[in-house]
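Colleague: Line order of the protein sequences matches chains R and P.
Residue 104 in the UniProt record's numbering is what sits at position 104 of the first sequence, and the numbering runs on without skipping anything.
Residue 134 in the UniProt record's numbering is what sits at position 134 of the second sequence, and the numbering runs on without skipping anything.
Protein chains: 2
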Amino acid sequence: MVVGSVLVTGGTGYIGSFTALALLEADYKVVIADNLYNSSAEVINRIELISGKKPDFVQVDITDPTGFDKVFTEHPDIDSVIHFAALKAVGESGEKPLDYYHVNVYGSINLLRSMQKHNVYNIVFSSSATVYGDATRVPNMIPIPEECPLGPTNPYGNTKFAVETAITDFINAQRNNATKAGNPAEAEKWNGALLRYFNPAGAHPSGIMGEDPQGVPYNLLPLLAQVATGKREKLLVFGDDYASRDGTAIRDYIHILDLSNGHLRALNYLRANHPGVRAWNLGTGRGSTVFEMVKAFSTAVGRDLPYEVAPRRAGDVLDLTSNPTRAGKELGWKTERTLEQACEDLWLWTKNNPQGYRQQPPAELLAALKK
Amino acid sequence: MVVGSVLVTGGTGYIGSFTALALLEADYKVVIADNLYNSSAEVINRIELISGKKPDFVQVDITDPTGFDKVFTEHPDIDSVIHFAALKAVGESGEKPLDYYHVNVYGSINLLRSMQKHNVYNIVFSSSATVYGDATRVPNMIPIPEECPLGPTNPYGNTKFAVETAITDFINAQRNNATKAGNPAEAEKWNGALLRYFNPAGAHPSGIMGEDPQGVPYNLLPLLAQVATGKREKLLVFGDDYASRDGTAIRDYIHILDLSNGHLRALNYLRANHPGVRAWNLGTGRGSTVFEMVKAFSTAVGRDLPYEVAPRRAGDVLDLTSNPTRAGKELGWKTERTLEQACEDLWLWTKNNPQGYRQQPPAELLAALKK
Chain R
1 MVVGSVLVTG GTGYIGSFTA LALLEADYKV VIADNLYNSS AEVINRIELI SGKKPDFVQV
61 DITDPTGFDK VFTEHPDIDS VIHFAALKAV GESGEKPLDY YHVNVYGSIN LLRSMQKHNV
121 YNIVFSSSAT VYGDATRVPN MIPIPEECPL GPTNPYGNTK FAVETAITDF INAQRNNATK
181 AGNPAEAEKW NGALLRYFNP AGAHPSGIMG EDPQGVPYNL LPLLAQVATG KREKLLVFGD
241 DYASRDGTAI RDYIHILDLS NGHLRALNYL RANHPGVRAW NLGTGRGSTV FEMVKAFSTA
301 VGRDLPYEVA PRRAGDVLDL TSNPTRAGKE LGWKTERTLE QACEDLWLWT KNNPQGYRQQ
361 PPAELLAALK K
Chain P
1 MVVGSVLVTG GTGYIGSFTA LALLEADYKV VIADNLYNSS AEVINRIELI SGKKPDFVQV
61 DITDPTGFDK VFTEHPDIDS VIHFAALKAV GESGEKPLDY YHVNVYGSIN LLRSMQKHNV
121 YNIVFSSSAT VYGDATRVPN MIPIPEECPL GPTNPYGNTK FAVETAITDF INAQRNNATK
181 AGNPAEAEKW NGALLRYFNP AGAHPSGIMG EDPQGVPYNL LPLLAQVATG KREKLLVFGD
241 DYASRDGTAI RDYIHILDLS NGHLRALNYL RANHPGVRAW NLGTGRGSTV FEMVKAFSTA
301 VGRDLPYEVA PRRAGDVLDL TSNPTRAGKE LGWKTERTLE QACEDLWLWT KNNPQGYRQQ
361 PPAELLAALK K
């Protein structure tokens, strides 16, 4: 039985593809929209191999003003969107901010306008812990609750913040307008989830689905994975003079399967409880230092991985650890997988798929999958 | 001698037209771009009647992705933009927020992308005191300095805030990229002014140029003017139970000629001092209550204007009074006209132009102008 029909924008990307998988496994119908700018359509076959179900796929660019109108017209059963499509490199956003405003902000305005036109009621938005900025300022708000004042410190974070306000203003207006028109049943249909996540990590335990960064990866674990395969000589650790237990910066690494499950829970919650717009942190609540991550991934790989300490990067903060209490209470969600599992799953994916989705996975992994 | 060439977006609107006039009087060349959605091209004739100079006019919509490319290609001498084009009704923004995000935010992204492509270096942005939100919260920040934390409380304010961050990120990136490329002279050419203004009021003392709101006006003085001409039976005063000297809300009313002069000063400052991005309040530093304004305008009209007290409006705050010290110090700017002058000028404009720009002004005003 199909429980609902969901559009996943950016659904061939890392978090998007795992969320599409989680939705299919929970009996949602899934339409993936992606421009394949930084991802591969091959992931759709992997989703089908794992789940036994195939999502629909539409190649569409989020900045095409009529792209989503076409998608919603052709798929009139879609009543919810999980919105990942975006540019996501913090460093690049400082060099090319207008690309980020155009794709992330204008693209989202575009999507919301189409949702309004076609009465697509629910949106789950891929926001980021970046909207909090530096929560180690006075007063210290670590671990960060959703009530922490927002104050992004880079253009990427500014675009996520702008989209959070656009979604909030849009959903509130739809509800108020319907209420004023004497239609409270229509009003409560409009809902939005702002999911602020911390550092996604890991891969599918089957070893056939994982992160496939094009070009230079932005994040610690994909960089470590490249060191492990020899693509990269050593890891650069940016700063060992932070006020942490070993001097390196603290982040909250969350297994990609826990994260994608959080999206599913948030969507279910919107559809069942009609909260209006609500923000939830998706994190483990536990912080790990860079050195701890190097050690954990070295253990998974079975040998020490080389690193070198470099100066701090501008804009980096000491600590981004979540307080995930609200998601626990309201969504009945918590992380179930350990950091060690994330490292093992990432290494299984990395060593078996050195070309990412540009090559077929080893036969033994596919055979194991069928059992 | 022409000192520079400036594009004024929204240049047929209230503040835009007065700023175009101020620029022409200061020997700038002016190109006005407007879609005439909420304004009349007749104002261009009035600008010419007063200044003896005619701005160029291009009808262009800010959401047309190639509109500004065309303007900059046809006017390659433009090196600065003063950007007014926007939707501006706070109440409407709560009902139709996506229109506001589309026109105000996407429109501005569009403009900035064209500026980048055509090396148009300076932007003066029409922001608003609305970005401060409720500055009467703890700690009380009245009169509001530019350092007051930003926290808009309605969709209109959210769009102004988003554009402030987009301009800041854009100008900073242009400067950083040029510096990294070893071109500091190019870097300092990129500059932006965020002008946060309080309540514009008044008209040109000649009586032939003023605010010409289409439909129901949003602001106190245009509403009072309609009461004075009999278009409106009475003024509704929203709330007389605020913690002010007479119970009504306090705002900082600034004469339109002082405000337009502030734009000219800001542009001159960007071109001479290359500050990067800088925010300035444009206000008088003095707050007036609604009752005080009713009295002042009644005095200008020569009779008591009827009003009725109604409940507070959602989202209204007690006090929005500026601290204009920074603009005084850095721009050498201060307001020179009184509230009484604003009321007199508004009344002269209103009684002589009951149809706004849809009729020709009285011959005696035109004759007086020629002296």
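Glycine included, C-beta positions come from ideal geometry on N, C-alpha and C.
Quick one: which chain P residues come within Cβ less than 8 Å of GLU95(R)?
Modeller: Listed along the chain, the chain P residues whose CB falls inside 8 Å of the CB of GLU95(R) are ALA173, ASN176 and ASN177.
Colleague: Taking Cβ positions only, does THR165(P) come closer than 8 Å to chain R?
Modeller: Closer than 8 Å: yes.
Colleague: Looking at C-beta atoms only, is the number of pairs between the region 186-199 of chain R and the region 267-274 of chain R that lie closer than 8 Å three or more?
Modeller: yes
Colleague: Would you mind stating whether ALA22(R) and LEU366(R) have Cβ atoms separated by less than 8 Å?
Modeller: no
Colleague: If contacts are defined as beta-carbon pairs under 8 Å, then ALA228(R) and TRP347(R) qualify, I think. What distance do you get, rounded to the angstrom?
Modeller: Beta-carbon to beta-carbon, ALA228(R) and TRP347(R) are separated by about 7 Å, close enough to satisfy the 8 Å threshold.
Colleague: Alpha carbons only, please: which of MET141(R), ARG113(R) and PRO155(R) is nearest the one belonging to ALA173(R)?
Modeller: ARG113(R)
Colleague: For ARG251(R), which residues does DSSP report across the bridge?
Modeller: SER288(R) and LEU320(R)
Colleague: Just by C-beta distance, which residues in the region 109-128 of chain R are closer than 7 Å to chain P?
Modeller: ILE109, LEU112, ARG113 and GLN116
Colleague: With a Cβ-Cβ cutoff of 8 Å, do ILE44(R) and ILE32(R) count as a contact?
Modeller: yes
Colleague: Once DSSP output is grouped into helix, strand and coil, what is the label at LYS29(R)?
Modeller: strand
Colleague: Let me know if ARG313(R) comes out buried or exposed under the rule of 16 or more other beta-carbons within 10 Å of its beta-carbon.
Modeller: Exposed is the call here.
Colleague: Between ASN353(R) and PHE161(P), what straight-line distance do the alpha-carbon atoms span, to the nearest angstrom?
Modeller: 44 Å
Colleague: Out of LEU331(R), LYS231(R) and PRO155(R), state which residue places its alpha-carbon closest to the alpha-carbon of ALA193(R).
Modeller: If we check each option's Cα against that of ALA193(R), LEU331(R) comes out closest.
Colleague: Span of the alpha helix (DSSP H) holding ASN273(R)?
Modeller: 256-273
Colleague: Report the CB separation of TRP349(R) from ALA203(R) in whole angstroms; it is logged as a contact under 8 Å.
Modeller: 4 Å
Colleague: Are there three or more Cβ pairs, one per stretch, closer than 8 Å when the region 124-139 of chain R is compared with the region 62-75 of chain R?
Modeller: no
Colleague: Step through the CB atoms of chain P and report whether any lies within less than 8 Å of the CB of VAL216(R).
Modeller: Not one chain P Cβ lies under 8 Å of VAL216(R).
Colleague: Sorted by chain position, which residues of the same chain lie with C-beta nearer than 8 Å to ASP69(P)'s C-beta, five sequence neighbours on each side aside?
Modeller: SER114, LYS117 and HIS118
Colleague: Considering only residues of the region 152-198 of chain P, which uninterrupted beta strand (DSSP E) runs meet the minimum length of 3 residues and lie entirely inside it, listed in chain order?
Modeller: Within the region 152-198 of chain P, the beta strand (DSSP E) runs of at least 3 residues that lie entirely inside it are, in chain order, 191-197.
Colleague: ASP64(R) versus chain P: which residues are under 7 Å apart at the beta carbon?
Modeller: By Cβ distance, chain P contributes nothing, its closest Cβ being about 11 Å from ASP64(R), past 7 Å.
Colleague: Looking at the structure shown, is SER244(R) part of a helix, part of a strand, or coil, going by DSSP?
Modeller: coil
Colleague: If you run the structure through DSSP and keep just helix, strand and coil, what is LEU331(R)?
Modeller: helix
Colleague: Residues of chain P with CB under 7 Å from PRO155(R), in chain order?
Modeller: When 7 Å is used as the limit between beta carbons, PRO155(R) is near these residues of chain P: ASP169, in chain order.
Colleague: Taking the C-alpha atoms as reference points, what is the distance between THR153(P) and ASN140(P)?
Modeller: 16 Å
Colleague: So, with DSSP's three-state summary, where would you put THR350(P)?
Modeller: DSSP, reduced to helix, strand and coil, places THR350(P) within a helical segment of the structure shown.
Colleague: Mind checking whether THR321(P) and ILE208(P) have CB atoms under 8 Å apart?
Modeller: no
Colleague: Grab the span of the alpha helix (DSSP H) containing GLU48(R) for me, first residue to last.
Modeller: 42-51
Colleague: Flag this pair as yes or no: are the beta carbons of ALA90(P) and ILE123(P) separated by less than 8 Å?
Modeller: The sequence given here has Val at residue 90(P), not Ala. Not in contact: VAL90(P) and ILE123(P) (Cβ atoms no closer than 8 Å).
Colleague: By DSSP's criteria, THR9(R) is part of a beta bridge. Which residues make up the other side?
Modeller: According to DSSP, which records beta bridges pairwise, THR9(R) is partnered with ALA33(R) and HIS83(R).
Colleague: Alpha carbon to alpha carbon, what distance is there between VAL309(R) and PHE84(P)?
Modeller: 48 Å
Colleague: Do SER17(P) and ILE47(P) have their C-beta atoms closer together than 8 Å?
Modeller: yes
Colleague: Starting from ASP64(P) and walking both ways along the beta strand (DSSP E), at which residues does that stretch end?
Modeller: Run containing ASP64(P): none; DSSP gives neither H nor E here.
Colleague: Given GLY10(R), which residues of its chain have a CB within under 7 Å of its CB, disregarding the five upstream and five downstream residues?
Modeller: Excluding sequence neighbours, GLY10(R) sits near GLY16, ASP34, PHE84, ALA85 and ALA86.
Colleague: Using only alpha-carbon positions, find the residue among GLU336(P), PHE297(P) and THR284(P) that is nearest to THR325(P).
Modeller: Of the listed residues, the one whose Cα sits closest to THR325(P) is THR284(P).
Colleague: Please go through the same chain and pick out, in chain order, the residues whose beta-carbon is closer than 8 Å to the beta-carbon of LEU224(R), but skip the five residues on each side of it.
Modeller: LEU235, MET293, VAL294, PHE297 and LEU305
Colleague: What separation, rounded to the nearest whole angstrom, lies between the Cα atoms of MET1(P) and TYR121(P)?
Modeller: 21 Å
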